[in-house]
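As you go down the protein sequences, you meet chains L and Z in turn. The first sequence lines up with residues 0 to 224 when you count with numbering that gives the first Met the number 0. The second sequence lines up with residues 0 to 182 when you count with numbering that gives the first Met the number 0.
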Amino acid sequence: MSQSTKVVIGFVVIAVVVALIVAIATSGGTSDSSSNGDAADGSAAATVAGAAPEVEAAENQPVTIEGQILDPLGDPSRDPSVGAPAPVLRGYSFDGRPVTIEPGDGRSHMVVFLAHWCPHCNAEVPRLIEWKNMGMVPEGLDVIGVSTGVAADRPNYPPSEWVVEKQWPWTVLADSVTQDAAMAYGVSGYPFFTIIGADGTVKLRASGEKSIDEIDALVDAALAG
Amino acid sequence: MDVRAMESFTSLLAIIAASGAIVLVFARAVASSWTPAADFVRSVHAVSSWLAWLVAAVATAGSLYFSEVADYVPCRLCWFQRICMYPLAGILLVGALRRDRGVRWYALPLLLAGAALSSYHYLIEWRPSLDGGACTVGPSCTDVWFRSYGFVTLAFMALAGFVAIAALLFVTPVADRSDTRED
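Take a look at the structure:
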C-alpha cells in the first residue's frame with residue numbers, strides 16, 4: 000500500500016471521528032427534528048359552541064359509527080359509494096364537547112379529513128378558509144373537519160393547536176387513535192373530502208389538494224346531482 | 000448516542016461522502032494536467048472497492064437504525080431505495096474481497112435506480128405538491144423526519160451514498176481501463 004493511499008485511509012478515519020465528535024457535541028440543536036415526543040393531552044380548545052365537555056380534552060377522542068362503512072376510495076370517477084347512505088359519526092372535539100356528523104338531517108355536509116403533519120393539508124386549509132371568506136360556501140352546506148392520523152412525532156403536533164393556528168373556522172371532530180372515523184368514510188389519502196347530500200347519501204368523495212375553483216366546482220356538481 | 004446525535008453523525012457522514020465524490024470527480028477531470036490530482040485519484044482507487052463497500056454498509060446500518068431503533072417508519076420510496084442499497088453491501092463486499100473491479104457493472108443498475116429514486120424523494124420533500132397532491136394514509140414520502148444543517152434529510156443521505164459509491168467505483172486513474180481482477 001502506497002504512502003498516499005495510507006494518507007487517504009487516514010483522512011477517512013479522521014473525518015469519521017471528527018463527525019462523531021461534532022455530532023455528540025452539538026446534538027442538542029442542529030437538526031429540525033419532527034420528534035416532538037410529547038403526547039400531552041388537554042390542548043387548546045376547539046371552537047365548538049353548545050354542550051359542555053363530556054370527556055377529557057385530548058388529541059384523539061372516541062368515535063362511534065352508525066350505519067354501513069364506506070369502502071376505501073379507489074377511482075373517484077367510479078366511486079361505488081356514491082348514492083350510498085353515509086355513516087353517522089358521533090364523537091368529540093379536542094376539548095371534549097360532543098360533535099355529531101348526522102347525514103340525513105336535512106342539511107348537506109362536507110366532511111374534510113385532515114392530518115396535521117400533511118403538507119397538502121397545510122396547503123389546503125388556507126384555500127378552504129378563503130373559499131369561505133369569498134362567500135362561496137353554498138347555503139345549507141355544513142363544513143366539518145375531522146382531525147385524523149394524529150402523530151406526536153410529526154410536524155405541527157398537537158392538532159388542537161394546529162387548527163387554531165390555521166384559523167380553521169368550522170367544527171372539528173377529533174378522530175380516534177385507530178382512525179375509526181377515517182376508516183368509516185373510506186379515507187384513502189389526505190386531505191379527503193366527502194360531500195353528503197341533504198338526503199344523507201354520499202354525493203362525492205375526493206382526495207388531494209384542490210384549488211378554490213376545484214372545490215367550488217366539486218361542491219356545486221355534487222349538490223346538483 | 001441518542002437519536003439526535005445519530006441524526007447529526009449520519010448527516011455529517013453524508014456530507015463527507017458527497018463532498019468526497021465531488022472532489023474525486025474533479026480531481027479525475029484535472030488529473031491529466033495536474034500531477035497531485037492524478038496521485039490523489041490513484042491513491043483513492045487503490046482502496047476504492049473497500050471504501051465503496053464501507054459506504055454501502057454504513058448506509059444500510061444507518062437505515063436500519065432509523066427504522067428499528069428510532070422508529071422512523073419508512074415510506075414507499077424509502078423501501079425502494081433500500082432495495083437498491085442493501086444488496087450493494089453484499090455485492091461490493093464480494094467484489095472487494097475478490098479484488099474484482101468488474102463488480103461496478105453489477106452495481107450500476109442499482110446505483111442508477113437508487114440515485115434516481117432518492118433524487119425524486121429529496122425533491123418532493125422540498126416540493127410536496129409535485130407528489131400528486133395527497134398524503135398517503137400511513138407514512139408519507141413528503142414527510143421529513145428530520146432536516147440536519149438545513150438540508151440533510153434521509154433522502155439526501157441515500158442520494159449521497161449512491162453518488163459516492165458510483166464515484167468510487169467508476170472514477171479510475173488516467174489510462175486505467177481494466178475491469179479484470181487484480182490478482
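Where is the CB? At the ideal position from N, CA and C, for every residue including glycine.
Between the region 207-215 of chain L and the region 151-158 of chain L, are three or more C-beta pairs nearer than 8 Å? no
Three Cβ pairs or more, each shorter than 8 Å: is that satisfied between the region 90-97 of chain L and the region 181-201 of chain L? Counting C-beta pairs closer than 8 Å gives fewer than three between the region 90-97 of chain L and the region 181-201 of chain L, which falls short of the contact rule.
Identify, in the order they occur along the chain, each residue of the same chain with its Cβ nearer than 8 Å to the Cβ of I164/Z, setting aside the five sequence neighbours on each side. A51, V54, A55, L87, L91, A106 and L110
Since G131/Z meets chain L, which of its residues come closer than 8 Å, beta carbon to beta carbon? G207
Within the continuous beta strand (DSSP E) that includes Y91/L, where are the two ends? V87 to Y91
Between the CA atoms of D174/L and V24/Z - distance to the nearest angstrom: 53 Å
Of the listed residues S139/Z, A36/Z, F155/Z and V136/Z, nearest to L122/Z (C-alpha basis): Comparing Cα positions, the closest option is F155/Z.
Test: L23/Z CB closer than 8 Å to a CB of chain L: no
At least one CB of chain Z closer than 8 Å to the CB of A44/L: is that the case? Because A44/L carries a pLDDT of 26, less than 50, the predicted location of this residue cannot be relied on, and the following value inherits that uncertainty. With 8 Å as the cut-off, A44/L does not count as an interface residue toward chain Z.
Cα-Cα separation, E213/L to M135/L: 12 Å
So that I know if they touch, is there some Cβ in chain L lying closer than 8 Å to that of A174/Z? Chain L, which has no Cβ nearer than 8 Å to the Cβ of A174/Z, makes this no.
Contact residues within the region 187-215 of chain L, judged by C-beta distance below 9 Å to chain Z: S187, G188, Y189, P190, F191, S206, G207, E208 and K209
For I179/L, name the three-state secondary structure that DSSP assigns. Note that residue 179/L corresponds to Asp in the displayed sequence, not to Ile. In this structure, D179/L counts as helix in the three-state DSSP scheme.
If you measure between the beta carbons of A183/L and I15/Z, is that distance less than 8 Å? no
Quick one: grab the DSSP three-state call for F39/Z. Looking at F39/Z - three-state DSSP - the assignment turns out to be helix.
Assuming G103/L contacts G199/L (C-beta within less than 8 Å), just tell me the rounded distance between them. 3 Å
Against chain L, does A157/Z count as a neighbour if the rule is that its beta carbon must be under 8 Å from one of theirs? no
Could one say the Cβ of S146/L lies closer than 8 Å to chain Z's Cβ atoms, at least one of them? no
Starting from V43/Z, find everything on chain L with Cβ-Cβ shorter than 7 Å and list it in chain order. V7
Chain L beta carbons: is any one of them nearer than 8 Å to that of L153/Z? At a cut-off of 8 Å between beta-carbon atoms, L153/Z makes no contact with chain L.
Along chain L, which residues have their Cβ under 8 Å away from the Cβ of D99/Z? Going along chain L, no residue has its Cβ under 8 Å from D99/Z, so there is no contact; the nearest lies around 19 Å.
Check whether chain Z comes within 8 Å of V15/L, counting only Cβ atoms and requiring the distance to be less than that. yes
Would you kindly check if the distance between the Cβ of L140/L and the Cβ of V227/L is under 8 Å? It is not possible to answer for residue 227/L, since the shown part of chain L is limited to 0 through 224.
Smallest Cα separation from S146/L: which of V162/L, E138/L, S76/L and M133/L? V162/L
Taking the beta carbon of Q80/Z as the centre, do at least 16 other beta carbons fall within 10 Å, making it buried, or is it exposed? buried
Within the region 46-109 of chain Z, ranges of the alpha helix (DSSP H) (whole runs, at least 4 residues): 75-96
Applying the 10 Å Cβ sphere with the 16-neighbour rule, what's the burial state of T9/Z? buried
Could you tell me whether the Cβ atoms of N59/L and V176/L are closer together than 8 Å? Yes; because the gap between Cβ atoms is below 8 Å, this pair is in contact.
Can you tell me which of the three DSSP states M133/L falls into? coil
What's the gap between the Cα of P158/L and the Cα of G148/L? 10 Å
Could you tell me the boundaries of the beta strand (DSSP E) in which K209/L lies? Segment: none, K209/L is in no beta strand (DSSP E) and carries neither H nor E.
Just to confirm, is the Cβ distance from L12/Z to V15/L under 8 Å? yes
Taking only beta carbons into account, state which residues of the region 163-178 of chain L come closer than 9 Å to chain Z, listed in chain order. Q178
Under 7 Å Cβ to Cβ from W169/L, same chain only, skipping five residues before and after it: list those, please. V142, I143 and G144
Taking the alpha-carbon of A190/Z as reference, which of A37/Z, Y71/Z and A20/Z has the nearest alpha-carbon? No statement about residue 190/Z is possible, as the shown extent of chain Z runs from 0 to 182 and does not include it.
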